[in-house]
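Note sheet for the following structure.
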Amino acid sequence: MAELLQQLILDTLDKSSQIHDTRTLTIPGQSEPAASHDAQITILGALNSLLSREIVTYDTHETLSHALTPEGAQIVLEGSHEARVWAALPAKGDGPPLSPADLKTRVGDEAAKVGQGRAFKSGWIAKEGSGLVKSVPSITDTTQLQLREVNSTGTLEAGEKHLAELRKRKLIVQRKGQWFTVHKGSSFTTSIAKLETDLTVDMLTSGAWKTSTFKKYNFEADGIPTSGGALHPLLKVREEIRNIFLEMGFEEMPTSSFVESGFWCFDALFVPQQHPARELQDTFYLSDPSTSLPPPTSYYDRVSSVHVNGGYGSLGYRAPWSDDESRRLLLRTHTTASSAAMLYKLAAKCRGEDVDGEGKGDVTKDAGDDGFRPAKLFSVDRVFRNETLDATHLAEFHQVEGVVADRGLTLADLIGFIRVWFKKMGMENLRFKPAYNPYTEPSLEIFAFHPLLHKWVEIGNSGMFRPEMLEPMGFPKDVRVHGWGIGLERPTMIRYGINNIRTLVGHKTSIENVENSPAVMF
1 MAELLQQLIL DTLDKSSQIH DTRTLTIPGQ SEPAASHDAQ ITILGALNSL LSREIVTYDT
61 HETLSHALTP EGAQIVLEGS HEARVWAALP AKGDGPPLSP ADLKTRVGDE AAKVGQGRAF
121 KSGWIAKEGS GLVKSVPSIT DTTQLQLREV NSTGTLEAGE KHLAELRKRK LIVQRKGQWF
181 TVHKGSSFTT SIAKLETDLT VDMLTSGAWK TSTFKKYNFE ADGIPTSGGA LHPLLKVREE
241 IRNIFLEMGF EEMPTSSFVE SGFWCFDALF VPQQHPAREL QDTFYLSDPS TSLPPPTSYY
301 DRVSSVHVNG GYGSLGYRAP WSDDESRRLL LRTHTTASSA AMLYKLAAKC RGEDVDGEGK
361 GDVTKDAGDD GFRPAKLFSV DRVFRNETLD ATHLAEFHQV EGVVADRGLT LADLIGFIRV
421 WFKKMGMENL RFKPAYNPYT EPSLEIFAFH PLLHKWVEIG NSGMFRPEML EPMGFPKDVR
481 VHGWGIGLER PTMIRYGINN IRTLVGHKTS IENVENSPAV MF
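Take the working numbering: the last position of the sequence shown gets the number 522, and nothing is skipped along the way.
Structure follows, in structure tokens:
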């Protein structure tokens, strides 16, 4: 039909210098002139196609008209609400008045509710006793007449005041329309042969390009926007966290070992072998291979001894020890396993021992020097827990881990450090709650207020590592180690206003939001 309409426009122009009003055209396949809004939209498409080839030009004229709403169309057929109320009532003196309840039954709730007020206002009905009656013998349903006029002409001869009243009653809506005056273009022709858009090999071979008509190239057209890569919000916050640690003098720990043994993930941290966290509902265990290589023998013996028999001021757990449980392979449940291995290497170097061929470390130079050197270490990497998925939990997530080893550290030092660290992250609304961890005492949970969830959300855990963990490694008795870990996902959700972790990572992540998210959030 598009080609037939274009041909109609060209044939009409060929007979005269212009088409003054496209509303006078009759679209092929229709019997009435194209006066409707939809018909003019169809004509506009044909005109734009011809304009692109400079066959025609056109001027646009805008119009305002009105159309009936569904309620207005119903009034045209059945009469206005007030007229229907009047028609349902008995004449005064011709019978008992009609009660409001009976009126609703006859004309409906909406008509009775709207019609009563307007009928009273017009003086068409009156109250008699507890019922209603007609107060005039006949009426003129002006609303119905006006809507019929709008339906046929799109406007009202009575003027804008009455149109505004009908719009206010939501019986009509205003619509913008347009029509066009069409002129011959610089390349006017009655032929609508399709223009060639590409110069092909066949055209060059056959010579058809010499007689072909090509579509004009639009050098001002915008090209397709190029899409570039974008860092995920998690990666942006991770880099920001790394920079905070580095500017505070921390050294990054290697955390590439996603698979750990039960010894380094639990035993070395003084987590009892009967602890619920080691059960299948919290930990992913490997089936092939299922066991690890043995840890350093002397250190392994010290750890197993403090678990079973106690030591270093502790009674231990007084529970059976299983070598098989200690060597089970698992997906690490926290990066503290890597922290434990790094602390063991630090303590071993202080004693002048060679660990993994890395050298013997510092050598005692002065009398009374035990070889200990303070250290600040951090890591940001993935951990795995068999969690039930919900708005704030995933089975795989990232953990930010930090440890500070020095002499004479206190819990106040830990709280102060955490407040400073989170302030650099832009989060000052923090709370601390006493908690239990097998490997830290005292221990604190860290909470931050989530502005979208409107509640306090746990974002991390912290504490001071127990002597039962540190002294078997070989640290001097006055050395204290702060340890804390936070999830990377929850601070990111708070920073970027995300209330469901499943929209931060996974198949529900919005690529557009990733591309448009700010680089940093201060």
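We treat Cβ as the ideally placed atom computed from N, Cα and C, and that holds for glycine.
Separation of Pro442 and Ala348 (C-alpha to C-alpha, rounded to the nearest whole angstrom) is 25 Å.
Annotated three-state conformation of Thr200 is coil, per DSSP.
Counting along the chain, Ser304 sits inside the alpha helix (DSSP H) bounded by residues 297–308.
Bounds of the alpha helix (DSSP H) holding Arg242 are 233–247. For Trp264, the uninterrupted alpha helix (DSSP H) run begins and ends at 262–265, by DSSP. A direct Cα-Cα distance of roughly 38 Å separates Gly93 from Arg167. Between Thr69 and Val150 a beta carbon distance of about 11 Å is seen, past the 8 Å cut, so the two are scored as non-contacting.
DSSP, read as helix, strand or coil, puts Thr63 in strand. A residue is called buried once 16 or more other Cβ atoms fall within 10 Å of its Cβ, and Val420, having fewer, is exposed. Under the three-state reduction of DSSP, Met425 is assigned to coil, being neither helix nor strand. Leaving aside the five residues that flank Leu453 on each side, the residues in its chain whose CB is nearer than 6 Å to its CB run, in chain order, Asn499. Membership of Trp86 in the alpha helix (DSSP H) is indicated by the continuous run 81–88. With respect to the 8 Å criterion, Leu5 and Ile41 are not classified as neighbours on the basis of their beta carbons.
When the beta-carbon positions are compared, Ile415 and Phe432 come within less than 8 Å of each other. In the structure shown, Ile125 falls within a strand segment according to DSSP collapsed to helix, strand and coil. For the 8 Å CB-CB criterion, Leu64 and Lys176 form a contact. Residues of the same chain with a CB within less than 7 Å of the CB of Gly72, apart from the 5 flanking positions on each side, are Leu147, Leu171, Ile172 in chain order.
DSSP places Asp11 within a helical segment (H, G or I) once states are collapsed to three. In the DSSP assignment, Gln74 falls outside any beta strand (DSSP E) and within the unbroken alpha helix (DSSP H) covering 70–78.
For Arg502, no alpha helix (DSSP H) segment is defined, and its DSSP state is neither H nor E.
By the C-beta density criterion, Ala340 is buried, having at least 16 other C-beta atoms within 10 angstroms. For Leu13 and Asp59, the gap between their C-alpha atoms comes out near 14 Å. DSSP places Lys433 in no alpha helix (DSSP H) but in the uninterrupted beta strand (DSSP E) bounded by 430–437. Per DSSP, the continuous beta strand (DSSP E) segment holding Asp406 begins and ends at 396–407. DSSP places Arg106 in the uninterrupted alpha helix (DSSP H) bounded by 100–107.
Bounds of the beta strand (DSSP E) holding Ala375 are 375–384. Burial check for Gly402: the Cβ neighbour count within 10 Å reaches 16 or more, so the residue is buried. Across the set Leu204, Asn429, Ala88, the C-alpha of Ala88 shows the shortest separation from the C-alpha of Leu103.
Residue state for Val136 is assigned as coil, using DSSP reduced to three classes. Between the alpha carbons of Arg118 and Glu82 lies a gap of roughly 6 Å. The C-alpha of Phe475 is placed about 17 Å away from the C-alpha of Thr410.
Between the stretch 223–239 and the stretch 307–325, the count of Cβ pairs shorter than 8 Å is below three; the stretches do not touch. Taking the Cα positions, Ser152 is about 36 Å away from Ser52. By the neighbour-count criterion, in which a residue is buried when 16 or more other Cβ atoms sit within 10 angstroms of its Cβ, Pro289 is exposed. A distance of 8 Å or more separates the beta carbons of Ala126 and Ser138. Beta-bridge pairing by DSSP links Thr291 to Arg328.
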